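Residue numbers (the working numbering): 17 to 226. Yeah, the Cβ is synthetic: ideal placement off N, Cα and C, and Gly gets one too. Since this is a predicted model, take the numbers as computed values, not measurements. Step one of this worksheet: look at the structure below.
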Amino acid sequence: MALPLLLYGGTFDPPHAAHGCLPQLAAKAIGASRVIWIPAAQNPLRTEESAPAADRVAMLEALLRESTEAEIDQRELRRGGTSYFVDTLRSFREEFPETPIRFLIGADQALQFRRWHDWEGILDLAQPAIAPRPPHDRSALEAVLEQLDQGQPRAGWWRHCVLDLPLDDVSATRLREALSTSDQLALDAGIPESVLTVIQERGLYGRSNA
17 MALPLLLYGG TFDPPHAAHG CLPQLAAKAI GASRVIWIPA AQNPLRTEES APAADRVAML
77 EALLRESTEA EIDQRELRRG GTSYFVDTLR SFREEFPETP IRFLIGADQA LQFRRWHDWE
137 GILDLAQPAI APRPPHDRSA LEAVLEQLDQ GQPRAGWWRH CVLDLPLDDV SATRLREALS
197 TSDQLALDAG IPESVLTVIQ ERGLYGRSNA
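So, in structure tokens, the structure goes:
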């Protein structure tokens with residue numbers, strides 16, 4: 017059987033250190049052959065306006081510059097409009113008909129997965145790989161997911177998708193707040209210097225590009 021392909025979608029507004037390392041750790045955990053980062057045009061569950069797509073791609077490229085195997089796929093940006101992940105998965109399934117596909121999501125996304133557009137269709141196409149996030153470590157998250165799944169067709173299935181990864185407690189909202197305050201706070205909060213340089217050069221998040 018072919019090794020799985022791991023997809024990692026997100027707004028990346030801004031991308032932070034965990035956006036770079038967690039997918040690579042997850043890929044090792046599941047034995048994935050490739051990891052593909054997929055920036056969204058417009059997250060359907062997000063109401064606030066995002067930074068321009070070109071700027072988010074530039075920040076993501078800066079984040080992943082030292083990772084020789086990192087791949088950024090811009091099909092959602094080319095498609096434009098609201099980015100429904102099920103449409104993205106269908107296009108990948110057409111491209112890789114014989115390859116197992118996994119998609120990486122955080123614990124917070126897993127717990128609200130039934131809010132995703134055509135979530136059942138997503139699960140017909142690919143299997144999630146779930147990264148624990150505070151306040152739920154792996155065992156606590158498995159217990160919560162199992163409770164949520166009682167009486168559902170996939171009862172007990174979700175808990176087997178939880179990976180043994182370091183807990184990630186980085187919040188993009190908190191990062192944007194830190195960026196509005198000082199460079200050092202942004203760095204301390206998880207913004208790598210390479211990404212901060214792009215933010216400064218492009219005057220993003222209220223920063224001066226003077």
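Practice task
Tell me whether Ala70 sits in a helix, a strand or coil according to DSSP, three-state version.
Solution key: helix
Handout entry: Rounded straight-line distance, which links the Cα of Ala123 to that of Arg91
Key = 25 angstroms
Practice task
Following the continuous alpha helix (DSSP H) through Phe28, name the residue where it begins and the one where it ends.
Solution key: Unbroken run through Phe28: none, as it is neither H nor E.
Handout entry: From Ile207, Pro182, Asp180 and Leu181, residue whose alpha carbon lies closest to that of Glu193
Key = Ile207
Problem - Nearest-angstrom Cα separation, counted from Ile138 out to Glu111 - result: 16 angstroms
Exercise for the section: Check Gly36 in the structure and name its three-state DSSP category. Expected result: helix
Practice task
Could you tell me the boundaries of the alpha helix (DSSP H) in which Leu120 lies?
Solution key: Looking at the DSSP string, Leu120 is not in any alpha helix (DSSP H); the run it does join, the beta strand (DSSP E), is Ile117 to Gly122.
Handout entry: Buried versus exposed call for Arg81 [16 or more other C-beta atoms within 10 Å across all chains shown]
Key = exposed
Practice task
Pick helix, strand or coil for Gln200, following the three-state DSSP scheme.
Solution key: helix
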